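One rule links them: number in the numbering used here = place in the sequence shown (from 1) + 27.
For every residue, glycine included, the Cβ atom is placed at its ideal position computed from N, Cα and C.
No experiment lies behind these values; they were computed from the predicted model shown.
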Amino acid sequence: MKKLLLGLLSLIVVAILVAVAVPFFISTEVYKEQITAAARDATGRDLMIGGNVGLSVFPRLELQAEQVTFSNMPRGRAPHMASLDKLVVRLQLLPLLSGEVRVDSFVLVDPVIALEIDHKGRANWEFEGAAPAEEPAADNGESEAAETPELAEISLGDVRLVNGKVSYRDARSGEVIELSNINMTIALPSLDAPAEADGSVVWNGKKVSLALGAENPRALMEGASSALDLTLESEPVSVDFQGTGRLSEPLTVAGKMGLDVPSIRALAAWTGTPLDAPGTGLGPLEITGDLSLKGSRVSFGKAEIGLDGMNASGDFLVDTGAKVPYLKGRLDWDALDLNLYMAPDGGAAPDTQAEDAPNAGGPGDWSDDSIDFSGLKAANADFELSVGSITLDQLKIGRSAVEVGLKNGRLAVDLKELALYGGNGTANLVLNARGKVPLINQSLAFTGVQLEPLLTDAARFDKMTGTANLN
Numbered sequence: 028m029k030k031l032l033l034g035l036l037s038l039i040v041v042a043i044l045v046a047v048a049v050p051f052f053i054s055t056e057v058y059k060e061q062i063t064a065a066a067r068d069a070t071g072r073d074l075m076i077g078g079n080v081g082l083s084v085f086p087r088l089e090l091q092a093e094q095v096t097f098s099n100m101p102r103g104r105a106p107h108m109a110s111l112d113k114l115v116v117r118l119q120l121l122p123l124l125s126g127e128v129r130v131d132s133f134v135l136v137d138p139v140i141a142l143e144i145d146h147k148g149r150a151n152w153e154f155e156g157a158a159p160a161e162e163p164a165a166d167n168g169e170s171e172a173a174e175t176p177e178l179a180e181i182s183l184g185d186v187r188l189v190n191g192k193v194s195y196r197d198a199r200s201g202e203v204i205e206l207s208n209i210n211m212t213i214a215l216p217s218l219d220a221p222a223e224a225d226g227s228v229v230w231n232g233k234k235v236s237l238a239l240g241a242e243n244p245r246a247l248m249e250g251a252s253s254a255l256d257l258t259l260e261s262e263p264v265s266v267d268f269q270g271t272g273r274l275s276e277p278l279t280v281a282g283k284m285g286l287d288v289p290s291i292r293a294l295a296a297w298t299g300t301p302l303d304a305p306g307t308g309l310g311p312l313e314i315t316g317d318l319s320l321k322g323s324r325v326s327f328g329k330a331e332i333g334l335d336g337m338n339a340s341g342d343f344l345v346d347t348g349a350k351v352p353y354l355k356g357r358l359d360w361d362a363l364d365l366n367l368y369m370a371p372d373g374g375a376a377p378d379t380q381a382e383d384a385p386n387a388g389g390p391g392d393w394s395d396d397s398i399d400f401s402g403l404k405a406a407n408a409d410f411e412l413s414v415g416s417i418t419l420d421q422l423k424i425g426r427s428a429v430e431v432g433l434k435n436g437r438l439a440v441d442l443k444e445l446a447l448y449g450g451n452g453t454a455n456l457v458l459n460a461r462g463k464v465p466l467i468n469q470s471l472a473f474t475g476v477q478l479e480p481l482l483t484d485a486a487r488f489d490k491m492t493g494t495a496n497l498n
């Protein structure tokens with residue numbers, strides 16, 4: 028027994044000495060050639076290492092490589108699909124024997140990724156020339172599936188992405204997206220300790236900071252729930268979320284969510300879709316509420332909305348799991364000042380002269396083409412909207428409420444209340460597109476409307492008094 032133990036000890040010592048000594052006797056050029064050959068066999072592309080390469084395997088696996096490039100497709104615009112100034116990987120080997128992954132370092136310095144689609148729709152991430160994979164042997168039912176070893180622990184030390192850049196270019200549409208100054212750090216002491224990820228990126232000239240946190244990573248890996256938090260901050264928009272989540276099917280997320288936009292116009296311009304809308308509105312927007320996601324159902328309840336100094340509350344639900352999507356909502360505004368979205372008096376009006384529209388028909392023309400209402404069958408919906416007051420130019424409308432229902436191609440709009448200058452109005456519209464020929468029914472009624480203040484505000488006319496009823 029003593030000789031056996033001495034023999035095993037000697038074998039272990041020799042293995043350690045070999046693991047330590049081999050990297051010093053094998054040329055780094057051999058590493059480069061083997062890595063390049065493996066990449067070409069797998070992708071049909073060239074992976075080149077222009078700088079130094081360092082490799083050791085004991086007491087931990089260490090790999091360092093500099094000036095790494097991965098070639099682009101032959102028709103690509105960028106010379107490389109990916110490049111990297113420096114890569115550092117340090118992985119402890121002995122913990123792997125007990126199912127633990129302990130990464131001391133994983134650092135990417137100056138990574139650049141160029142994603143492209145050419146004029147024919149070919150993407151540079153679709154590799155050509157790779158060796159075909161061998162077909163798996165037929166399962167005769169006698170062999171048992173290999174059990175996947177359980178992952179007992181994960182520990183991440185220095186995990187960083189430094190000064191990265193990602194670009195996307197579609198030659199068909201001319202669309203170009205560029206992300207620069209990408210920096211990210213990930214902290215995961217263990218699966219039973221909180222995990223954190225913090226980073227930032229520059230897009231369209233604005234810095235965006237992102238922070239993610241998970242209180243119990245092990246619970247997430249095992250299909251249970253964990254507390255989650257997310258914060259996104261930038262000059263044009265900020266988003267925050269605090270709640271819980273579960274990654275197992277169905278994906279479940281629930282918690283408090285907030286959105287803060289200092290200016291909708293500035294946000295739209297930043298995203299490349301500037302708003303050429305009249306008026307001074309579309310400024311600050313704030314939204315808070317309870318977000319809930321479970322499978323195909325997304326709800327946003329107890330919502331509080333602030334827009335241009337006006338406030339609203341509501342609840343919303345979207346379910347995409349049925350044959351057609353279903354939307355349900357309620358929105359209650361305290362007031363709506365529509366003057367914020369109108370051109371000021373004396374502003375230039377759009378040029379609508381007939382000579383600018385030579386194909387326009389005459390005053391009596393009416394198209395004989397049938398109207399396509401098939402879009403009413405694309406979704407089902409129930410929505411309630413109420414407003415405490417509405418201001419439009421000088422016109423003042425009191426409390427109003429409308430209900431909208433859409434089911435299987437039948438649209439029903441019910442104006443249940445419209446307070447108008449001492450009177451009240453109601454209206455109903457039903458558009459039924461279920462059959463081959465659409466059917467339309469409508470009704471309108473106003474009672475007790477005071478004419479003088481109405482005409483004064485609406486038409487600057489104060490020569491008529493009395494009460495009006497309309498059916």
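Check whether residue i and residue j have beta carbons under 8 Å apart
{"i": "Gly310", "j": "Ile291", "result": "yes"}
{"i": "Thr279", "j": "Leu320", "result": "yes"}
{"i": "Phe133", "j": "Val203", "result": "no"}
{"i": "Ser265", "j": "Leu259", "result": "yes"}
{"i": "Asn338", "j": "Leu419", "result": "no"}
{"i": "Gly130", "j": "Leu183", "result": "Per the sequence shown, the amino acid found at residue 130 is Val instead of Gly. Closer than 8 Å, so yes."}
{"i": "Leu114", "j": "Val128", "result": "no"}
{"i": "Gly299", "j": "Ala281", "result": "no"}
{"i": "Leu218", "j": "Ala241", "result": "no"}
{"i": "Ala150", "j": "Ser194", "result": "no"}
{"i": "Gly285", "j": "Tyr368", "result": "no"}
Residues near residue i by beta carbon distance below 6 Å, same chain, minus five either side
{"i": "Gly432", "result": "Asp409 and Ala439"}
{"i": "Lys443", "result": "Ala428"}
{"i": "Asp378", "result": "Note that Asp378 scores a pLDDT of 49, beneath 50, so its modelled location is shaky; the value from the coordinates is reported in the next line. Excluding positions up to five away in sequence, the list is empty."}
{"i": "Asn208", "result": "Val229"}
{"i": "Val47", "result": "Confidence at Val47 is low in this model, with a pLDDT of 46, below 50, so its placement is unreliable and the value that follows should be read with caution. Only Phe85 meet the Cβ criterion."}
{"i": "Asn496", "result": "Thr474"}
{"i": "Val139", "result": "Ser110 and Lys192"}
{"i": "Asn99", "result": "Ala105, His107, Met108 and Asn151"}
{"i": "Gln91", "result": "Gly81 and Val115"}
{"i": "Asp225", "result": "Thr212 and Ala238"}
{"i": "Pro480", "result": "Tyr448"}
Sequence-distant residues of its chain with Cβ nearer than 7 Å to residue i (five each side left out)
{"i": "Asn498", "result": "Ala472"}
{"i": "Leu334", "result": "Leu312"}
{"i": "Lys29", "result": "Below a pLDDT of 50, predicted positions are generally treated as unreliable, and Lys29, at 46, falls in that range; the measurement from the model is reported next regardless. Closer than 7 Å at Cβ, skipping near neighbours: no residue."}
{"i": "Pro277", "result": "Lys321 and Gly322"}
{"i": "Asp484", "result": "Gln421, Leu422 and Lys423"}
{"i": "Ala251", "result": "Arg273"}
{"i": "Arg67", "result": "Asp73"}
{"i": "Glu382", "result": "Its pLDDT being 47, under 50, Glu382 is placed unreliably by the model, and nothing is read from it."}
Candidates the options, of which the one nearest residue i by Cα
{"i": "Thr212", "options": "Asp197, Leu188, Lys463 and Leu218", "result": "Leu188"}
{"i": "Ser413", "options": "Glu155, Val228, Leu419 and Ala446", "result": "Ala446"}
{"i": "Val501", "options": "Pro263, Pro305 and Glu276", "result": "Since the first residue shown for the chain is 28 and the last is 498, residue 501 is missing from the structure and cannot be characterised."}
{"i": "Leu458", "options": "Thr307, Phe400, Pro221 and Leu286", "result": "Phe400"}
{"i": "Val464", "options": "Gln119, Asn190 and Ser397", "result": "Ser397"}
{"i": "Pro352", "options": "Ala405, Gln269 and Ala66", "result": "Ala405"}
{"i": "Ser416", "options": "Leu363, Gly336 and Lys443", "result": "Leu363"}
{"i": "Phe331", "options": "Gly341, Val130, Leu456 and Pro371", "result": "Looking at the sequence provided, one finds Glu at residue 331 rather than Phe. Here the closest residue by C-alpha is Gly341."}
{"i": "Asn451", "options": "Leu82, His107 and Val476", "result": "Val476"}
{"i": "Glu411", "options": "Phe343, Gly103 and Thr453", "result": "Phe343"}
{"i": "Leu257", "options": "Phe268, Glu153 and Ala251", "result": "Phe268"}
{"i": "Asp197", "options": "Ala224, Asn231, Asp225 and Ala105", "result": "Ala105"}
{"i": "Gly78", "options": "Asp112, Val116 and Gln421", "result": "Asp112"}
{"i": "His146", "options": "Leu118, Gly201 and Leu123", "result": "Gly201"}
{"i": "Arg102", "options": "Gly493, Ile144, Leu237 and Gly402", "result": "Ile144"}
{"i": "Asp361", "options": "Lys233, Gln119, Lys329 and Arg426", "result": "Arg426"}
Opposing strand residues paired with residue i [DSSP bridges]
{"i": "Met248", "result": "Beta-bridge pairing links Met248 to no other residue."}
{"i": "Ala446", "result": "Asn451"}
{"i": "Val476", "result": "Ala495"}
{"i": "Ser194", "result": "Ala141 and Glu205"}
Where the beta strand (DSSP E) containing residue i begins and where it ends
{"i": "Asp342", "result": "Met337 to Asp346"}
{"i": "Thr492", "result": "Where Thr492 is concerned, there is no enclosing beta strand (DSSP E), given that its DSSP letter is neither H nor E."}
{"i": "Leu239", "result": "Lys233 to Ala241"}
{"i": "Leu354", "result": "Tyr353 to Trp360"}
{"i": "His146", "result": "Looking at the DSSP string, His146 is not in any beta strand (DSSP E), and its letter there is neither H nor E."}
{"i": "Asn210", "result": "Glu202 to Leu215"}
{"i": "Phe410", "result": "Asn407 to Val414"}
{"i": "Lys113", "result": "His107 to Gln119"}
{"i": "Val288", "result": "Thr279 to Val288"}
{"i": "Val128", "result": "Glu127 to Val136"}
{"i": "Ser98", "result": "Arg87 to Ser98"}
{"i": "Ala254", "result": "Ser253 to Glu260"}
{"i": "Gly462", "result": "It is not in any beta strand (DSSP E) - Gly462 carries neither H nor E in the DSSP assignment."}
Boundaries (first-last residue) of the alpha helix (DSSP H) holding residue i
{"i": "Ile291", "result": "Ile291 to Trp297"}
Contact test: residue i Cβ vs the ligand GTP heavy atom, cutoff 7 Å
{"i": "Asp137", "result": "Absence of the ligand GTP from the depicted structure is noted, as is the absence of any ligand whatsoever, leaving it without description."}
Cβ neighbours of residue i in the same chain (closer than 8 Å, five flanking residues each side left out)
{"i": "Leu302", "result": "Ile291, Arg292, Ala295, Ala296 and Leu309"}
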